[in-house]
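Here the structure is laid out as structure tokens; the discussion comes afterwards.
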Amino acid sequence: MLARLSLNDGTWGERALRYGLLSAGACFAVLFLLLPLLVVFIEAFSQGLALYIVSISDEEALSAIRLTLVAAFFAVFFNLIFGVAAAWLIARFTFRGRKLLLTLIDTPLAVSPVIAGLIFVLLYGARGPLAPALDALGIKVIFTIGGIVVTTMFVTIPYIARELIPFMMEQGSVEEEAALTLGAKGHQVFRFVTLPNIKWALLYGVILCNSRAMGEFGAVSVVSGHIRGETNTVPLHIEILYNEYKFAAAFAVSSLLALLALGTLLLKAVLERGGHNGLK
Amino acid sequence: MNARHKQGRILPGFNITFGITVLYLSLMVILPLSMIVLHLASGDTQAALTSLISPRVLHALRLSFSLSLVAAFTNVIFGLLLAWILVRYRFPGRRLIDGVVDLPFALPTAVAGIALTTLYAPNGWLGSLLSLWGIKAAFTPLGIYVALIFVGLPFVVRSVQPVLEDFDSEVEEASLSLGAGRVRTFFAVILPVLWPSLLAGFSMAFARGLGEYGSVVFISGNMPMKTEIVPLLIMNRLEQFDYMGATSLGLLMLVVSFALMFVANVLQARLGERAAGVR
Amino acid sequence: MTLRNRLLLLLVAVLTGQAEALAERIKLLNASYDPTRELYQEINSTFVAEWKKGHSSHIDVLQSHGGSGKQARSVLEGLEADVVTLALAYDIDQIAKRGGLIALNWQSRLPNNSSPYFSTIVFLVRKGNPKGIKDWEDLVKPGISVITPNPKTSGGARWNYIAAWGYAERKLGLSESQAEGFMKKLFANVPVLDTGARGSTTTFVQREIGDVLLAWESEALLAKEELQAGAYEIVTPSMSIMAEPPVAVVDKVVDKKGTRLAAESYLRYLYGETAQESAARHHFRPRSESLTVKYAEKFPLIEMLEIDRDFGGWDKVQAKHFADGGVFDRIYAPSS
Chain A
1 MLARLSLNDG
11 TWGERALRYG
21 LLSAGACFAV
31 LFLLLPLLVV
41 FIEAFSQGLA
51 LYIVSISDEE
61 ALSAIRLTLV
71 AAFFAVFFNL
81 IFGVAAAWLI
91 ARFTFRGRKL
101 LLTLIDTPLA
111 VSPVIAGLIF
121 VLLYGARGPL
131 APALDALGIK
141 VIFTIGGIVV
151 TTMFVTIPYI
161 ARELIPFMME
171 QGSVEEEAAL
181 TLGAKGHQVF
191 RFVTLPNIKW
201 ALLYGVILCN
211 SRAMGEFGAV
221 SVVSGHIRGE
231 TNTVPLHIEI
241 LYNEYKFAAA
251 FAVSSLLALL
261 ALGTLLLKAV
271 LERGGHNGLK
Chain B
1 MNARHKQGRI
11 LPGFNITFGI
21 TVLYLSLMVI
31 LPLSMIVLHL
41 ASGDTQAALT
51 SLISPRVLHA
61 LRLSFSLSLV
71 AAFTNVIFGL
81 LLAWILVRYR
91 FPGRRLIDGV
101 VDLPFALPTA
111 VAGIALTTLY
121 APNGWLGSLL
131 SLWGIKAAFT
141 PLGIYVALIF
151 VGLPFVVRSV
161 QPVLEDFDSE
171 VEEASLSLGA
181 GRVRTFFAVI
191 LPVLWPSLLA
201 GFSMAFARGL
211 GEYGSVVFIS
221 GNMPMKTEIV
231 PLLIMNRLEQ
241 FDYMGATSLG
251 LLMLVVSFAL
261 MFVANVLQAR
271 LGERAAGVR
Chain C
1 MTLRNRLLLL
11 LVAVLTGQAE
21 ALAERIKLLN
31 ASYDPTRELY
41 QEINSTFVAE
51 WKKGHSSHID
61 VLQSHGGSGK
71 QARSVLEGLE
81 ADVVTLALAY
91 DIDQIAKRGG
101 LIALNWQSRL
111 PNNSSPYFST
121 IVFLVRKGNP
131 KGIKDWEDLV
141 KPGISVITPN
151 PKTSGGARWN
161 YIAAWGYAER
171 KLGLSESQAE
181 GFMKKLFANV
191 PVLDTGARGS
201 TTTFVQREIG
211 DVLLAWESEA
221 LLAKEELQAG
231 AYEIVTPSMS
241 IMAEPPVAVV
251 DKVVDKKGTR
261 LAAESYLRYL
271 YGETAQESAA
281 RHHFRPRSES
291 LTVKYAEKFP
301 LIEMLEIDRD
311 FGGWDKVQAK
321 HFADGGVFDR
331 IYAPSS
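Protein chains in written order, with the working numbering: chain A, 1 to 280; chain B, 1 to 279; chain C, 1 to 336.
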């Protein structure tokens, strides 16, 4: 890997270019990322630290946080397995229907959250085709935690797979083939060659998937039923607070989700260190 | 199905990964989405489909598609720029920016909409600045554009970033040492490798923009024939208990974006093979 | 544990007054719309206490809140709500007609069109009423900026819209096509159509957009009290509409769960003095006569149109005004 350049290396022209790019990128980041983040935190603390703490620790907030953690766990777990399998399949083999599969993986992105919720309501709801069977078994999916988990999984399907696929395609399979010719078994190749190589893309994928799972609002809102203390996720709880004109409290709970993004920094730093010591 | 590896040699794992992928996609994507078609077929299909041809729907479609497209382009350019400076340069605040790139995903769309409206409304920090120039952002198409850039940005940055981090710099150094300038090296050596990930980021940002509802409704003002997006029309119809009308709109968007993404994926595969050839 | 032992334990429990530990626990779910959160929080706690006095069973009332139409759809799709308390009868009608979950005659099962409390549409203006807005015809004047949510997505906004329409027809004596022109001018003055009533209030208050907010009286009073006290005033137009948010037991659900008795007493409780006073405190107009007198200053008399009497009911209104291609769509059609 090329060493990160110190800003003042090189000729005058190179320096100017570098500073130009840097300031343009920084401006963009400030406008579209840092300022919204700042708004969230300023509003969150606008009525003092005490209210902030109360808002994020009251019973309904805690129940929402628990539910969101559960939904995000399932979404990341299943989509991780799926994502790695799909990426291996699509990046390492050519076969008929490959591009179709790839497009199917993308589809949940293009489905408006409203429709994403609606399709699960139509499928599992009281008037859906599965209703008699589900009723007989006494299983309720929609308006329970199950519906929230399934919908969250749907919305986050593409994230890990799509992070891995272009990356693995760019990497090619030379190293894996070399390992195979040297007599390594399939799972060994995956563990000792592929995994270390894709770990960054995998990490980004997991982070994105997790963020999105925790932040999903529209689709989950359709299938949740909004029962206080039972089926409200964090984003739904935020909406309720906002609608009750408890703006500071709404932003306080939002700031927890924003902190998530910052928490990934920590994770990355830890993994970076691990990377230098061991894997590479 | 017969699997053929690119280089003609067989890597293991085709059957199991194929099985997992197809099973999961069938259960989680095809089955639920087929409900749209099933539902449409259960009622007056023709009436539902003709309801798509109205000036209001057409206007919303134009608005949704054009703004998502422009926002996705913007994200390709600035997303690449962000990924580039994050990977290549060391500067104060780098880690902070790296961390907040995921913010648009973590923040519920409604909160994003509210935060952006707070900033861009006529009495907000940026809105009041812009109004000095006579520009109105919130409650105009410009506001929707801003929201769509926000929700789509992580796609591009996070697809390009790992490729850049992994980029084999020998080719680049060779190019530089052969006297090609940095700019020419970028376009001739680096960009071809980045194309697949840029295209992936673009198509995802575009698709996400098309369907986005939560953040847009706060900042758009929802004026019919002006700032009404397609997902809002779907919502309108649902509120009238018009499930047929809502699913027909959903199907239309699905078909169009599926087609667009398919094209993007075909292109991406071509570019990917070319990129692999460069190595 | 044998059956005999179990019975013995039950006897001991009853004798020692620990009946509650073994008593039946009833769980009611009330699917309501957004602005009634604080109201039902209060009513539920007094109802639970009241129930305890007369019954051996213990009762819990769970709340679900959301947009009125969305809540109706959720119940249709299987949200097992024992009672619904929504913003307009149209939404409960849909549960009855489309899903058959509620008897079609639901609205006549309880007094006052099954609406234990009601409200009306008023104007919220900025302090001192700088634009001098007094009545509906002031809203169509050029240069006045009016904030109302989108009637397509918000039940509350449909009341606003119908109130204005009724004024144009009844008070101004306009023909139907003239009334349509009136509405067109009115909505030409609307710069933002939020998807929900609370969103509109936020636009008016936080973003400082608009000269006048059309709102339920209950919402206007709440905004006046809770958001920057003293910054807003309420203007009562000369004619408005009786906005009745009705309630109903969801028959299919209570029969399945066996909660009919509890659900029915819950709804009847809403008509009692305690709940009526809660409603009045939360800015809804009570039905109780004594409370109407007591809160006369808070709720001034207004001439109110009624949806069934004056407009032929929601079905008609919905088809004429809010369906695709209806009057509301025509208002926004490119100028013809």
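All residues carry an ideal CB built from backbone N, CA and C; glycine is no exception.
Which residues does DSSP list as the beta-bridge partners of residue i?
i	result
B:Trp-84	According to DSSP, B:Trp-84 bridges with nothing at all.
C:Val-125	C:Val-212 and C:Glu-233
C:Asp-60	C:Lys-27
A:Ile-227	C:Ser-64
C:Leu-305	C:Ile-241
C:Ser-119	C:Ala-243
C:Ile-147	C:Leu-213
Does the beta-carbon of residue i have 16 or more other beta-carbons within 10 angstroms, so that it is buried, or is it exposed?
i	result
B:Pro-231	buried
C:Ser-32	buried
B:Val-266	exposed
B:Ser-128	exposed
C:Lys-152	buried
C:Ser-218	buried
C:Glu-225	exposed
A:Asp-135	exposed
C:Lys-70	buried
C:Asp-315	exposed
C:Leu-193	buried
A:Phe-251	buried
So which residues of chain A does residue i contact, with C-beta pairs closer than 7 Å?
i	result
B:Ala-106	Ser-211, Met-214, Gly-215, Leu-257, Ala-258, Leu-260 and Ala-261
C:Glu-226	Tyr-245
C:Asp-251	Within 7 Å Cβ-Cβ: nothing; C:Asp-251 doesn't reach chain A, min ~14 Å.
B:Ser-257	Ala-110
In chain C, which residues lie with their C-beta within 7 Å of the C-beta of residue i?
i	result
B:Ser-51	Asp-324
A:Phe-143	Ser-74, Gly-78 and Leu-79
B:Glu-239	Gly-69, Lys-152 and Thr-153
One question on the structure: do residue i and residue j come within less than 8 Å of each other, judged by their Cβ atoms?
i	j	result
A:Arg-98	A:Tyr-159	no
C:Ala-220	C:Val-205	no
C:Phe-187	C:Ala-168	no
C:Pro-245	C:Thr-85	yes
B:Ile-144	B:Thr-227	yes
B:His-59	B:Met-253	no
C:Ala-248	C:Ile-92	yes
B:Leu-194	B:Val-160	yes
A:Val-39	B:Leu-86	no
A:Leu-122	B:His-39	yes
C:Ser-240	C:Val-122	yes
A:Ile-81	A:Ile-165	no
C:Ile-144	C:Asp-138	yes
C:Leu-214	C:Asn-160	yes
Can you list the residues of chain A that residue i reaches, using a CB-CB cut of under 8 Å?
i	result
B:Trp-84	Leu-21 and Gly-25
B:Ala-200	Arg-162, Ile-165 and Pro-166
For a contact meaning CB atoms closer than 7 Å, what does residue i contact in chain B?
i	result
A:Asp-135	Per Cβ cutoff of 7 Å: no residues; A:Asp-135 is ~18 Å from chain B at best.
List the residues of chain C that residue i touches, going by C-beta distances under 9 Å, in chain order.
i	result
A:His-226	Ala-31, Gln-63, Ser-64, His-65, Gly-66, Lys-70, Gln-71, Ser-74 and Leu-79
B:Val-22	Those within 9 Å of B:Val-22 in chain C number zero; the least Cβ separation is about 29 Å.
Give the residues of chain C in contact with residue i, contact being defined as C-beta atoms less than 8 Å apart.
i	result
B:Gly-245	Asp-324
A:Ile-338	Outside the displayed span of chain A (1 to 280) sits residue 338 of chain A, for which this structure offers no information.
Which bits of chain B does residue i rub up against, with CB to CB less than 8 Å?
i	result
A:Asp-106	Ser-203, Met-204, Ala-207, Met-261 and Asn-265
### Message
What are the residues in the segment 108 to 128 of chain B lying within 8 Å of chain A by C-beta distance?
### Response
Pro-108, Thr-109, Ala-110, Val-111, Ala-112, Ile-114, Ala-115, Leu-116, Thr-118, Leu-119, Trp-125 and Leu-126
### Message
For the segment 158 to 191 of chain B, list every residue whose C-beta sits within 8 Å of some C-beta in chain A, in sequence order.
### Response
Arg-158, Ser-159, Gln-161, Pro-162, Val-163, Glu-165, Asp-166, Phe-167, Ser-169, Glu-172, Glu-173, Arg-182 and Val-183
### Task
With 8 Å as the limit, tell me which residues of the segment 38 to 64 of chain B have their beta carbon closer than that to any beta carbon of chain C; keep them in chain order.
Ser-51, Ser-54, Pro-55 and Arg-56
### Query
When Cβ atoms are compared, which residues of the segment 33 to 64 of chain C fall closer than 7 Å to chain A?
Asp-34, Arg-37, Leu-62, Gln-63 and Ser-64
### Query
Using Cβ-Cβ distances below 8 Å, what residues of the segment 193 to 213 of chain C are close to chain B?
Leu-193, Asp-194, Thr-195, Gly-199, Gln-206, Arg-207, Glu-208 and Ile-209
### Query
For the segment 199 to 220 of chain B, which residues have a CB atom closer than 8 Å to at least one CB atom of chain C, in sequence order?
Val-217 and Phe-218
### Query
In the segment 128 to 146 of chain B, which residues sit with their C-beta less than 9 Å from some C-beta in chain A, listed in chain order?
Val-146
### Task
With 7 Å as the C-beta to C-beta threshold (strictly closer), list the residues of the segment 225 to 236 of chain B near chain A in chain order.
Pro-231, Ile-234 and Met-235
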